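For the numbering used here, add 213 to where a residue sits in the sequence shown, where the first one is 1.
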Amino acid sequence: MGPGPLSLNTVTVKERWDLAECIEGCARHGIPGISPWRDVLAAMGVDAAARRIREAGLSVTGLCRGGMFPAADAEGRRRAIEDNRRAIAEAHALQAACLVMVCGGLPPGSKDLPGARAMVRDGLEAILPEARAAGVTLALEPLHPMTCADRSVLSTLGQALDLCEALGEGTGVALDVYHVWWDPALEAQMARAAGRIAAFHACDWLVPTTDTVFDRGMMGDGVIDIPRIRALAQAAGYAGAVEVEILSHRWWREEPEEVLRLMRERHATAC
Ligand code: ZN
214 MGPGPLSLNT VTVKERWDLA ECIEGCARHG IPGISPWRDV LAAMGVDAAA
264 RRIREAGLSV TGLCRGGMFP AADAEGRRRA IEDNRRAIAE AHALQAACLV
314 MVCGGLPPGS KDLPGARAMV RDGLEAILPE ARAAGVTLAL EPLHPMTCAD
364 RSVLSTLGQA LDLCEALGEG TGVALDVYHV WWDPALEAQM ARAAGRIAAF
414 HACDWLVPTT DTVFDRGMMG DGVIDIPRIR ALAQAAGYAG AVEVEILSHR
464 WWREEPEEVL RLMRERHATA C
């Protein structure tokens, strides 16, 4: 079985193209899916974006992103929940397959990791009724543990699945090869993930990696066995898109036409 349909996560060309150009680029390159970030979505306007995406015949494989729940005080946590409610409404308007959740790191100055994890769970519980009512799946994305302090205290697929089981209907996982490839429990956890994978994000891990956030590689240029992880996802019932999400100062300098051309090529040969 080959990889699922290709999708462009807009962050891949973020310094070069706005959302309108991404939509046109996907249509021109025969890429059937798109996954916008909320900043480019806001710049275009949600209703206009929903219309243009629909007119271009693209499916929205995710909206990036909700989450970022932990905060130093109750007011900060309340504001985060409000922002997540807006994100759910946007995902609903776009008919997105999911809202990708980057759950947040430690509040500034805090060393209380269990406390931050509790804030994540509380935040998810608070917004879950709206997500269910809107038919929006909250796709919990475990992030590589190197980002535990500042981006996500949710670090492994096993942890994400534990949360899904605790929270129930309306939750799933966003599986990003960059974040899970190193995990010795990956195979065992993928068997648990059946029916819960809401998104599959692809890029590659370069050696050496010069920036732990903004030096992701094009699929095939690094050390991740992407076809193996993709096959595990398919064995767990995932039949959705392969969404290319490359945060990279190097790729942001490239001509987007070339990035999309290469994405299509590597989707066929390295995914
Ligand atoms: Zn991702």
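Every residue, glycine too, gets a C-beta built ideally from N, C-alpha and C. The structure displayed is predicted, hence computed values, not measured ones.
Taking 9 angstroms as the threshold (C-beta atoms), are residue j and residue i in contact?
i	j	result
residue 353	residue 385	yes
residue 356	residue 325	no
residue 290	residue 283	yes
residue 410	residue 379	no
residue 425	residue 360	yes
residue 219	residue 480	yes
residue 408	residue 449	yes
residue 387	residue 275	yes
residue 216	residue 307	no
residue 347	residue 301	yes
residue 483	residue 439	yes
In this structure, what does DSSP give as the bridge partners for residue i?
i	result
residue 247	221 and 273
residue 456	220 and 414
Mind checking if residue i is an interface residue toward chain B, Cβ cutoff 9 angstroms exclusive?
i	result
residue 281	Among the protein chains of the structure shown there is no chain B, as only one such chain exists.
Three CB pairs or more closer than 8 angstroms across the region 448-462 and the region 411-427 | yes
Output the residue ranges of the alpha helix (DSSP H) runs that lie fully inside the region 259-288 and measure 4 residues or longer, sorted by chain position.
-> 259-268
Pair every Cβ in the region 308-322 with every Cβ in the region 272-286, then say whether three or more of these pairs are closer than 8 angstroms.
-> yes
What residue ranges within the region 282-364 form continuous beta strand (DSSP E) runs of no fewer than 3 residues, ordered along the chain?
-> 312-315 and 351-353
Would you mind listing the alpha helix (DSSP H) stretches within the region 366-441 that are 4+ residues and don't spill past its ends, in chain order?
-> 370-380, 390-393 and 399-405
Under 5 angstroms from any heavy atom of the ligand ZN, by CB: list those residues in chain order, please.
-> 389, 414 and 458
Would you call the region 240-250 and the region 267-276 in contact, with 3 or more CB pairs under 8 angstroms?
-> yes
Validate contact between the region 260-269 and the region 317-324 using beta carbons, cut 8 angstroms, 3 pairs = Taking a cut-off of 8 angstroms for Cβ pairs, the region 260-269 and the region 317-324 do not touch, as fewer than three such pairs fall below it.
Are the region 425-442 and the region 461-474 touching by the rule of at least three beta carbon pairs closer than 8 angstroms?
-> yes
Per the contact definition of three or more C-beta pairs closer than 8 angstroms, is the region 366-373 in contact with the region 397-405?
-> yes
Kindly confirm or deny that the region 336-344 and the region 294-304 touch, where touching means at least three C-beta pairs closer than 8 angstroms.
-> yes
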